[in-house]
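For the sequence shown, the working numbering puts the final residue at 376, and the numbers step up evenly by one.
A virtual CB, placed ideally from N, CA and C, is assigned to each residue, including glycine.
Only a predicted model underlies this, so the values are computations on that prediction, with no experimental measurement involved.
Below is one structure, written out as structure tokens; comments come after it.
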Amino acid sequence: MLRTAALFLVFAAAAFGATVRLYLKDGSYQLAGEYQVQQDRVRYYSTERSEWEEIPLELVDLDRTKKEVADRVETVKEENKAQVEEDAAEEAEVKEVERIPAEAGVYYIHGAQLDPLKLAESKIVNNKRRTVLQVLSPIPLVPGKSTVEIDHPTAPTRVSEKRPEFYIRLSKEETFGIIKLTPKKEVRVVENLAIAPVIKEVAEERQEVDVFKKQEADLLFKIWPVKDLDAGEYALIQFTEGKVNLQVWDFSVR
Numbered sequence: 123m124l125r126t127a128a129l130f131l132v133f134a135a136a137a138f139g140a141t142v143r144l145y146l147k148d149g150s151y152q153l154a155g156e157y158q159v160q161q162d163r164v165r166y167y168s169t170e171r172s173e174w175e176e177i178p179l180e181l182v183d184l185d186r187t188k189k190e191v192a193d194r195v196e197t198v199k200e201e202n203k204a205q206v207e208e209d210a211a212e213e214a215e216v217k218e219v220e221r222i223p224a225e226a227g228v229y230y231i232h233g234a235q236l237d238p239l240k241l242a243e244s245k246i247v248n249n250k251r252r253t254v255l256q257v258l259s260p261i262p263l264v265p266g267k268s269t270v271e272i273d274h275p276t277a278p279t280r281v282s283e284k285r286p287e288f289y290i291r292l293s294k295e296e297t298f299g300i301i302k303l304t305p306k307k308e309v310r311v312v313e314n315l316a317i318a319p320v321i322k323e324v325a326e327e328r329q330e331v332d333v334f335k336k337q338e339a340d341l342l343f344k345i346w347p348v349k350d351l352d353a354g355e356y357a358l359i360q361f362t363e364g365k366v367n368l369q370v371w372d373f374s375v376r
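Here it is, written out as structure tokens:
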């Protein structure tokens with residue numbers, strides 16, 4: 123039984139291309155390509171001297187040798203399993219990316235579903251004046267404080283995941299991210315604006331969410347939150363800082 127177990131572990135290790143440390147009871151070891159227990163002796167192939175040698179079994183710490191071989195074989199199996207899983211995940215992601223439409227926009231991933239988010243119509247509100255924010259076309263700004271808002275208290279798209287994943291295909295090279303919206307009566311505030319008089323410089327204040335971003339192709343990114351999102355109203359935005367030309371795709375977390 124001892125000989126069979128030893129041979130099994132050695133041949134298993136050899137199959138993984140491993141060099142065996144044949145431990146001796148004095149703490150030293152011999153490097154062996156393989157070994158065999160033959161009655162009262164251990165025959166092994168020395169990788170240092172490239173020849174077969176023998177040593178008395180009573181001098182060999184066989185338990186330590188077998189344990190190291192078994193541990194090494196198990197490690198290799200786990201590494202191979204992890205590699206197979208990683209390759210499968212990469213293949214699945216490639217197939218997922220291939221499903222993303224060519225049109226610029228935001229696409230929500232949930233299970234096997236991939237749904238487009240509707241581009242929200244945002245407005246700049248200054249006192250009682252409401253002006254539709256034209257996408258990619260900055261409008262004249264009134265000095266003072268204003269807000270960028272979206273009508274309706276909640277988004278048409280609702281997600282149940284705490285860390286939802288999205289793809290965003292940009293319309294051009296711009297900054298993008300996820301923000302939290304602020305409820306305000308029957309609207310949601312995207313950001314607050316402070317427009318300086320005369321020079322018309324704009325300071326934009328928004329509640330940004332920490333996110334991971336992974337570029338999948340030219341102008342195509344995968345984006346998801348670093349931490350769980352609390353229940354509430356959120357949006358993905360594409361923008362140029364200081365230009366007030368936001369594109370907004372809103373969603374609710376419930």
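Under the three-state reduction of DSSP, residue 209 is assigned to helix. Excluding five sequence positions before and after residue 145, the CB atoms of its chain that fall closer than 6 Å to its own CB belong to 151, 183, 186, 187, given in chain order.
In this structure the segment 328 to 344 does not touch the segment 195 to 207; the number of beta carbon pairs closer than 8 Å is below three. Beta-bridge pairing by DSSP links residue 299 to 359.
Per the DSSP secondary-structure output, residue 241 pairs in a beta bridge with 371.
Exposed is the label assigned to residue 217, since fewer than 16 other Cβ atoms lie within 10 Å of its Cβ. Residue environment: residue 161 is assigned as exposed (fewer than 16 neighbouring CB atoms within 10 Å of its CB, all protein chains considered). A direct Cα-to-Cα measurement between residue 223 and residue 230 gives close to 12 Å. Between residue 236 and residue 373, the CB-CB gap reaches or exceeds 8 Å. Counting only residues of its own chain and dropping the five nearest sequence neighbours on each side, residue 268 has a CB closer than 7 Å to the CB of 246, 247, 248, 315, 317.
Residue burial annotation: residue 214 is exposed, with fewer than 16 other C-beta atoms found within 10 angstroms of its C-beta. Residues of the same chain with a CB within less than 8 Å of the CB of residue 346, apart from the 5 flanking positions on each side, are 285, 286, 287, 288, 333, 334 in chain order.
DSSP places residue 330 within a strand segment (E or B) once states are collapsed to three.
Within the DSSP secondary-structure output, residue 222 pairs in no beta bridge. Within the same chain, Cβ atoms closer than 7 Å to the Cβ of residue 330 are found at 299, 301, the five residues on either side in sequence being excluded. Its Cα nearest to that of residue 349, the residue 283 stands out among 305, 283, 360, 209.
Contact annotation, residue 169 with residue 153: C-beta distance approximately 5 Å; criterion of less than 8 Å satisfied.
With 16 or more neighbouring CB atoms inside 10 Å of its own CB, residue 355 falls in the buried class. Here residue 315 is bridged, per DSSP, to 268, 326. When secondary structure is reduced to three states using DSSP, residue 292 falls in the coil class, being assigned neither helix nor strand. Taking 8 Å as the upper bound for CB-CB distance, residue 370 and residue 204 are not in contact here, some 40 Å apart. In its own chain, leaving out the 5 sequence neighbours on each side, no residue places its CB closer than 8 Å to the CB of residue 209. Contact check for residue 297 against residue 362 passes: the beta carbons are separated by less than 8 Å. Counting of Cβ neighbours within 10 angstroms places residue 171 among the exposed residues, the total staying below 16.
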